[in-house]
Amino acid sequence: MPDKTDNRNSGAVLKQNFSSLGRVIRKLFGYYPKLAPLTVFCILFSAVVSSIPSLFVQNVLAVIEKWYRTGDWAAARPEIVHYLVILGTLYLLSLLSMLLYSQIMAYMTQGFLHKLRTELFDGMQDLPIRYFDTHQHGDIMSHYTNDIDTLRQLVSQAFPTLIQSGAIVLAVFAIMLYFSLWLTLVLVLGIVAMFFVTKTVGGGSARYFIRQQQATGALEGFVQEMMNGQKVIKVFNHEEASIGDFDRVNDELFTVSNRAHAYASILGPIMGNIGNVLYVVLALAGGVFLLSGFQNVSLSGLPFSVSILVPFLNMARQFTGNVNNLSQQFNAIVMAGAGAARVFEMIGETPETDEGYVTLVNVKEDLSELSADPNNVSGAYDRTAGNSGSVELDPGSVTETEERTGHWAWRHPHTDGTLSYTPLRGDVRMLNVDFAYEEGKDVLHDVSVYAERGQKVAFVGATGAGKTTITNLINRFYDIADGKIRYDGININKIRKSDLRRSLGLVLQDTNLFTGTVMDNIRYGRLDASDEDCVRAAKLAGADDFIMRLPDGYGTVLHNNGTNLSQGQRQLLAIARAAVADPPVMILDEATSSIDTRTEAIVQRGMDKLMEGRTVFVIAHRLSTVMDADVIMVLDHGRIIERGSHEQLLNEKGTYYRLYTGAFELE
Amino acid sequence: MVKTMLRSLREFKKPAILTLLLIIGEVFIEVLIPFYTADLVNRIKAGAEMSSVLKLGLILVLMALLSLFCGGAAGLTGARASAGFARNLRGDIFRKIQSFSFENIDRFSSSSLVTRMTTDINYVQMAFMMSIRIAVRAPLMLLFSVVMAFLMGGTLAATFVIVIPVLVAGLLMIAKKALPAFRAVFRKYDRMNQSIEENVRGMRVVKGFAREDHEKKKFASASDNIRKDFTYAERIVALNAPLMQLCLYFNMIFILFVGSRLIITNQGTTIDVGQISAMLTYGFQILMSLMMISMIYVMLTMSLESMHRISEVLQETPALQNPAAPLREVADGSVDFDNVSFKYSKTADRNALSAIDLHISSGQTVGILGGTGSGKTSLIQLIPRLYDVTEGRVCVAGHDVREYDLSMLRDAVAVVLQKNTLFSGTIRDNLRWGNPDATDEELEAACRLAQAHDFIMSFPDGYDTHIEQGGTNVSGGQRQRLCIARALLKKPKILILDDSTSAVDTHTDALIRKGFKNYIPETTKIIIAQRVASVEDADQIIVMDNGRIAARGTHTELMESSEIYREIWLQQTRGGEESA
C-alpha cells in the first residue's frame, strides 16, 4: 500500500502528466485540423445514436403492452414496423459513421505517431553532443519504443473510448432522467461507488505498472551486465552466485508485476458486479414504485409503468457498462500521461545553437597555393604575431560556384555589408583555451596549440588528461569557456557548424558504422562520392584488402554496427569514410588502436599518403603511432606539460621519455 | 514449443488452474443473472407479491456477490499465475544461459538475450494471462449463452443462426488478412528502432560529418513507410467494431420484431417482455464472446514470434557436458596439446588452430606471441575447456580435459580473459569471485602479487571502493591488475594471462612477473602478450601465425631462428615501446 509522501509526489507528477495529455490533444488537432473534429463528431454521433434505441425499445414494448391481450398482430404491426424502420435507419447511420471514424482513426493514429516520431527524431539530431554524453542510450531509445507505444494506446483506444463512452454515459443519463428521476437518483449512488473504486483500484494499478517499468529496467540493466561478462562468469564458475543475484531482481519484478495486474484485473469484476447489484436494486425499486403506485417525477412526465422500467433497466446496464469502459482506460491514460511527459521533455530540450554565418563554398579558382606564396594574390597575408594566419581575398578575385570543383573558400560576410573570401587551408589554432564539462571542474587549462597546414600534431596523455576534449572543442561538440579557437584565422564560433565539421575529418576509437553496404558506409563521408572515389579512399586507408575478401566485397551488407567485422577492420572502414570526405584537417582519436602493430605497419604507407598535405591531429596510446608527428603535446590533468618533436622530447628526459621507455603507465 | 514453455509454469500451475475454475464459476453465474433478472422483471410486471420479488432480488444480489468473488479471485490468481509464469520463464532462461558454454554464448548476442528476457517475456505473460482468463471464458460464455438463449427464447434464438456465422466468417477474414500485415510491419518497426539506436550511438559521427539533415530525411522516409503499412494493418482491424455492431443491431431489430409478433399473436403465453430483454442481453454476450475469441486468436498468433525466440534459448543444448564419471582432482600444472585442430563451429570452413603439438611441464612459464587472428586466444581457451577441440586432445596433468569435472578443471586453470570485466560492487566483492571464502590477508597477498594493493589503498575506501558497471571508474591498467588478483585468489595450478598486462607499465609488468617467479613457482604460467618484453625471459616462447605454431624456443633461440620474432622484436625496440 502506498505511503503518504509517495502520494504527494505523484500528485505533482500527475498534474504535469495531465498537461502533457492536453498537449497531445492539441497536437492531434493541430496535425489534423479537419479530420480530428470530424472524427470526434462521428464518434459522438454513433455514441448518441446507439443510446437512442432504448427510447424505441420502450416504444415498441409499449405497443406490445397495448396489443398483446388482443392478439391482433395485424393491428400492431404497422406501429411496430414504423418504429423499427426509424430504429433501423438510425442504426445504419450509426454504422456508417462508425465505419468512417474507425478508418479515419487508424489513419490518424499512425499519422500522428509518424509525425511525433519524426519531430522527436529531428529534434534529436539538433541536440548538442552533451545531451548524448549525459543520457543513457537505453533511456533515449525508450522514448521511441515504450513512450510512443503508450501514446499509440492512448490515441487509438483510450481517446475514442473516452469520447464514446463519455457521450453514451451522458446521453443515457439524460434519457434516464427523461424517464424517471427517482430511479436515476438510485443510479447515482452506484456511480459514486464506481468512481471510488476506479480511483483506488485503478490508481493502484497505474502506480504498480509504473513500478513494473522501473523493475523491468533494473532487470534489464542486470542482465545486460551479466551477459557482457558471461565469459568471466564461466571462467570463475560463478554461475550459481549470479543466478542467486538474478533471482532477487527477478522476484522484485514478479512482486510488482503481480500487484499491477492483480489491481488491473479485479477492477473489471468489481465494476461489473456493482453494475449487477445496481440492476437488481433498480429493478426492486422499480417494483416498489409500481406496486405502491409511487408518483413518478420525470422530464417526460410519463406515469411509471413496466414499459418504462424495462428499458430503464437496459439503460442502466448500458450506463454501468460504459462507466466500466471508462474506468478500464484509467491505466492507459496514466501511463500515456507519463509517456507523453517524457516525450515532450525530450522534444523540449534546447537544441544546439548555431549563430555561424561564415560558410564554406566551392570556388572556381585553385587557391591551394596561396599559403605558399601569399604575395601572389590581392590580399594581405600577415605573419606577424597576433594574427592567426588568415588570407583574405576580395570578392572580385574569386568566383563562387555551385558545382564541386575541389577548391573551397570561406565566404565571410562582414557587418559593414562587405564580403571577403578566405581560402580553405586547414590552419587550426587554439589560444589559451579553458574548458569544463561541469561548472567548476576544469578539464583544460590554458591550452594553446598551433597547427599549420600540413602539420601533424599529436596528443599523448593519460585517460582524462583532456586529449579527446580538445577534439570535442575544435569541431564545436562543446563550446569553450575561455580563449580562442581559429580555423584559417576565423573564429570558429562564426563558422556555420555544418561547414566547420565538414572541413574536419573525424575518426574515433569507437567506430560507428550504419546498417547498409560497405560502400554506403564509406560514402557517408561524402554523399555525392562515386563508387570509384569510395574504392580509392578504401585503398588509401588500407581497407580495400579485407573488403575484397568479404563475401560480397563492397556490396556486403553490415548489420548491427558491423558485428561481422573485427574492431580493427571497422577502424579501417572509419578511416576510409573520413578519407572520402577529403577534408583539409583530420582528427584521429585512437583511430588505429585496435589494429595490431604489424598490420599498422602495413597500412602505414597508405596512412602516410592520406595525411599528406593535411593538418592532422592524432591521439594515440601507442607511441609508435605518434612518433613521426611534427609536434607532440603531452597532456596532464588538462595542461600541456611538454611539447616538441619526438627527438626533442626524448632529449628533455621528462614524462614523454619515461612513457617511451615504458617506465610510466598510461591511462 | 508451447509445451517447452509451459514446463516453466511449475508452482504456478495451481493458481492457473484455480483461475480457470473460478472463471467457469463466474461465467456460470453471469449467464444465470439475466435469466433471474428476466424472472424478476416479469414478476414485477405481473404484480407479484412484494416478498417473492424481494426474495428473488436477494438471490440476485447474492449471485452478484458470488460473481464478484469468483471474478475478483480469478483476477488475483490469474495475475499471480501469469506474473509467476513470466518469473519462472525468466529464471529458466537465465539458468539456461548460465549453463551455456562459450560456443553457445557466441551464438546469441547479449542484446538479443536481454530483449528475450524483457520484451518477449512480457508479450508471453500478457498472452498467457489473456489465455487463462478469456480463452476459457469466451467459449464457455458463448456456449452457455447460446443454450440459455435457445431455452428461453425458442424461435427468437433463430437470430443467432444467422448472426453467428456472419460474425465468425467476418472475424476470421479480418484476422487472416490483418495478421501477416501486422507481422510484416512489426519487423519493419524493429528495424527502424535498430536504426534509431545506431543513430544515437553514432551521434558523434553524424554530427562530425554534418549529416543531421541526411539522417532526418532517411528517418522520415522510413517512418512514413511504417506509417503506411501500419495504417493498412490497422484499417483492416478497424473493421472489427463495425462488423460487431452490425450484428448487434441486426439482433436487436430481429428480436424486437419477431419477439413482439410472438408475444402479440400468442397473447404473451409463450414468451413475454422480460424474456425479450434477456434475449438482448444474451445476444450481446454471444457476440462479445466471439469478438474476444478473435482477439485472443490474434494476440496468440502475434506472440508466437516471441514464444519462438524464448524457446530457442530454452531448447539450446549446452555444447559442453560434464563427463559421466568425472575426475575431481587436477594433480599438477602440466599441459599437453596432441595434434590439436580446432574450429569455432562445425560449419566454419577455416580452422582456427591446426596441428598444434605443445608440451608444457608443470611450473614452466610460457610466452605466446603473434598477430591479431593468429590463434593465440583460441589456443589457451582449450586448456580450461572453454571450447572442445575438433581433433586431437588437450591434456592437463596427463588427463584429457574432457575427463575432468568442469568446475574442478576451471578452478585449477585460471584464465584472465582479454576482454576482462569487473562487475558493479566493491573491489572486495569482485576479488572474492576468485575465492568466496578468502580472508582479508589472502586478498591482500593476491593484490600485492598483482601489484594492485598500493593503488587500492590509495583510494579513500580501499578494498571497499565501489566499482561501477563494467569497471569504468578504474583505469585500464588498474582493471587488468584487479583481474589478475582475482584469478590468483583461485590458487590455480595453471595461470593464463591473455594479453592482460597491455595497459600496465613495463616496470609494474616486470614486477608482476618477478612475483610470479618467486611466490608461485609451482604454478604453470602461460602469458599471451603483444610486448616482447613481457615474454622475453619465459622458459618457452611460442610464435603463432595463421593458426599454427610458427616457431618455438627461448628468446635467444628465436632471435636466431624465427624471422617473425625478429621482426616483432626489432619493431618494438626500434619503433617505440608499446606503452599502452
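Those protein sequences? They're chains H and V, same order as listed.
Number 638 in numbering that gives the first Met the number 0 belongs to position 639 of the first sequence; there are no gaps in the numbering.
Number 251 in numbering that gives the first Met the number 0 belongs to position 252 of the second sequence; there are no gaps in the numbering.
Glycine included, every Cβ here is placed at the ideal spot set by N, Cα and C.
Distance, Cα to Cα, Leu289 (chain V) vs Pro138 (chain V)? On the second sequence, position 290 is the one that residue 289 (chain V) refers to. On the second sequence, position 139 is the one that residue 138 (chain V) refers to. Using only the alpha carbons, I get a separation of about 8 angstroms.
Are any of the Cβ atoms in chain H nearer than 9 angstroms to that of Glu197 (chain V)? Locating residue 197 (chain V) in the second sequence gives position 198, where the first residue counts as 1. So, interface residue.
Val459 (chain H) versus H:Val56, H:Leu587, H:Val287 and H:Gly274, residue with shortest Cα-Cα distance: Start at 1 with the first residue of the first sequence, and residue 459 (chain H) comes out as number 460. Residue H:Leu587 holds the alpha-carbon nearest to the alpha-carbon of Val459 (chain H) among H:Val56, H:Leu587, H:Val287 and H:Gly274.
So if DSSP puts Ile586 (chain H) in a beta bridge, which residue, or which two residues, is it bridged to? Residue 586 (chain H) sits at position 587 when you count from the first residue of the first sequence. Answer is H:Leu505 and H:Phe616.
Let me know the secondary structure DSSP gives Pro159 (chain H) once reduced to three states. The count along the first sequence starts at 1 and reaches residue 159 (chain H) at position 160. Pro159 (chain H): helix per DSSP, three-state reduction.
When you compare only the Cα positions, how much space is there between Leu416 (chain V) and Gly228 (chain H)? The residue you call residue 416 (chain V) lines up with position 417 of the second sequence. The residue you call residue 228 (chain H) lines up with position 229 of the first sequence. Roughly 10 angstroms between the two C-alpha positions.
Below 9 angstroms on C-beta distance, what does Phe245 (chain H) contact in chain V? Your numbering for residue 245 (chain H) matches position 246 in the first sequence. The answer, in chain order, is Arg89, Gly90, Phe93, Arg94 and Gln97.
Tell me whether Thr3 (chain V) sits in a helix, a strand or coil according to DSSP, three-state version. Looking up residue 3 (chain V) in the second sequence gives position 4. The answer is helix: DSSP assigns Thr3 (chain V) an H, G or I state.
Partners in chain V for Ile279 (chain H), counting only beta-carbon separations shorter than 8 angstroms: Within the first sequence, the letter at position 280 stands for residue 279 (chain H). According to the sequence displayed, residue 279 (chain H) carries Val and not Ile. The contacting residues are Thr36, Leu39, Gly56, Leu59, Val60 and Ala63.
Cβ-Cβ distance between Ile494 (chain H) and Leu359 (chain H) below 9 angstroms: Locating residue 494 (chain H) in the first sequence gives position 495, where the first residue counts as 1. Locating residue 359 (chain H) in the first sequence gives position 360, where the first residue counts as 1. Yes, Cβ-Cβ distance for Ile494 (chain H) and Leu359 (chain H) is below 9 angstroms.
Give the residues of chain V in contact with Phe476 (chain H), contact being defined as C-beta atoms less than 9 angstroms apart. Within the first sequence, numbered from 1, the residue matching residue 476 (chain H) stands at position 477. For Phe476 (chain H), the chain V residues whose C-beta falls within less than 9 angstroms of its own C-beta are Arg203, Lys206 and Gly207, listed in chain order.
What are the partner residues of Trp407 (chain H), as DSSP defines its beta bridges? Residue numbering aside, residue 407 (chain H) sits at position 408 when the first sequence is read from its first letter. H:Asn361, per the DSSP bridge assignment.
Excluding sequence positions up to five away, which residues of its chain have a Cβ less than 8 angstroms from the Cβ of Val23 (chain H)? Start at 1 with the first residue of the first sequence, and residue 23 (chain H) comes out as number 24. For Val23 (chain H), where only same-chain residues beyond five positions count, the Cβ hits under 8 angstroms are Leu150, Leu153, Val154, Ala335 and Ala339.
Relative to chain V, which residues along the region 392-426 of chain H have a C-beta separation below 8 angstroms, given in chain order? Within the region 392-426 of chain H, no residue qualifies.
Taking 9 angstroms as the CB-CB limit, is Met278 (chain V) close to chain H? One-based indexing of the second sequence puts residue 278 (chain V) at position 279. With 9 angstroms as the cut-off, Met278 (chain V) does not count as an interface residue toward chain H.
Which word fits Tyr705 (chain H), buried or exposed, when buried means at least 16 other C-beta atoms lie within 10 angstroms of its C-beta? Nothing in the structure corresponds to residue 705 (chain H), since chain H is present only between 0 and 666.
If we count Cβ pairs, one from each stretch, closer than 8 angstroms, do we get three or more for the region 340-352 of chain V versus the region 364-379 of chain V? yes
Let me know the alpha helix (DSSP H) ranges lying completely inside the region 432-499 of chain V, each 4 residues or longer, listed in chain order. 439-448, 452-457 and 475-487
Is the shortest distance between the beta-carbon of Ile546 (chain H) and the beta-carbons of chain V less than 9 angstroms? Here residue 546 (chain H) is taken as the residue at index 547 of the first sequence, counted from 1. Not one chain V Cβ lies under 9 angstroms of Ile546 (chain H).
Quick check: what's the CA-CA separation for Thr654 (chain H) versus His645 (chain H)? Within the first sequence, the letter at position 655 stands for residue 654 (chain H). Within the first sequence, the letter at position 646 stands for residue 645 (chain H). One C-alpha to the other measures close to 12 angstroms.
Between which two residues does the alpha helix (DSSP H) harbouring Thr319 (chain H) extend? Numbered from 1 along the first sequence, position 320 holds the residue referred to as residue 319 (chain H). Boundaries of the alpha helix (DSSP H) around Thr319 (chain H): Val305 to Ile346.
Taking His411 (chain H) as the reference, give the member of H:Thr404, H:Ser419 and H:Leu218 with the closest Cα. As a working note, residue 411 (chain H) is residue 412 in the first sequence. The shortest C-alpha separation from His411 (chain H) is found at H:Ser419.
In the DSSP assignment, find the beta strand (DSSP E) that holds Lys707 (chain H) and state where it starts and stops. The structure shown does not extend to residue 707 (chain H), since chain H is modelled only from 0 through 666, so no value can be given for it.
Under 7 angstroms, CB to CB, which of the residues in the region 502-515 of chain H have a partner in chain V? Leu505, Leu507, Asn511, Phe513 and Thr514
Leaving aside the five residues before and after Glu559 (chain V) along the sequence, list all residues of the same chain whose C-beta is less than 6 angstroms from its C-beta, in chain order. Working through the second sequence from its first residue, we reach residue 559 (chain V) at position 560. For Glu559 (chain V), where only same-chain residues beyond five positions count, there are no Cβ hits under 6 angstroms.
At 4 residues or longer, and completely inside the region 100-158 of chain H: list those alpha helix (DSSP H) runs for me, N to C. 128-133, 136-141 and 147-152
Just to confirm my understanding: we take Phe221 (chain H), look at its own chain, exclude 5 residues before and 5 after, and list those with CB closer than 8 angstroms. What are they? Position 222 of the first sequence, counted from the first residue, corresponds to residue 221 (chain H). Excluding sequence neighbours, Phe221 (chain H) sits near Asp244, Phe245 and Val248.
For a cutoff of 9 angstroms on Cβ pairs, would you count Thr522 (chain V) as touching chain H? The residue given as residue 522 (chain V) occupies position 523 in the second sequence. Cβ-Cβ to chain H under 9 angstroms: no for Thr522 (chain V).
Can you check which of these residues, H:Leu281, H:Thr414, H:Tyr177 and H:Gly347, is closest to Leu301 (chain H) by C-alpha distance? Indexing the first sequence from 1 puts residue 301 (chain H) at position 302. Among H:Leu281, H:Thr414, H:Tyr177 and H:Gly347, the Cα nearest to that of Leu301 (chain H) is on H:Tyr177.
Anyone know if the C-beta pair for Val234 (chain H) and Val329 (chain V) falls short of 9 angstroms? Indexing the first sequence from 1 puts residue 234 (chain H) at position 235. Indexing the second sequence from 1 puts residue 329 (chain V) at position 330. Cβ atoms of Val234 (chain H) and Val329 (chain V): not closer than 9 angstroms.
Here's the rule: buried if 16 or more other CB atoms are within 10 angstroms of the residue's CB, otherwise exposed. What is Arg9 (chain V)? Position 10 of the second sequence holds residue 9 (chain V). A residue is called buried once 16 or more other Cβ atoms fall within 10 Å of its Cβ, and Arg9 (chain V), having fewer, is exposed.
For chain H, find out if any of its Cβ atoms is closer than 9 angstroms to the Cβ of Ile382 (chain V); answer yes or no. As a working note, residue 382 (chain V) is residue 383 in the second sequence. Answer no: the Cβ-Cβ gap between Ile382 (chain V) and chain H never drops below 9 angstroms.
Does the beta carbon of Met123 (chain H) come closer than 9 angstroms to any beta carbon on chain V? Position 124 of the first sequence, counted from the first residue, corresponds to residue 123 (chain H). For Met123 (chain H), the answer is yes, since a Cβ of chain V falls inside 9 angstroms of its Cβ.
Here's a check: name, in chain order, each residue in its chain whose Cβ is nearer than 6 angstroms to the Cβ of Ala11 (chain H), leaving out the five neighbours to either side. Here residue 11 (chain H) corresponds to residue number 12 of the first sequence, with the count starting at 1. The answer is none, since no qualifying residue turns up.
Let me confirm a value: Glu402 (chain H) is counted as buried when at least 16 other C-beta atoms fall within 10 Å, else exposed. Which label applies? Taking the first residue of the first sequence as 1, we reach residue 402 (chain H) at position 403. Burial call: exposed.
Of the residues V:Glu197, V:Phe27 and V:Ala549, the one placed nearest Thr510 (chain H), counting alpha carbons only: Start at 1 with the first residue of the first sequence, and residue 510 (chain H) comes out as number 511. Here the closest residue by C-alpha is V:Glu197.
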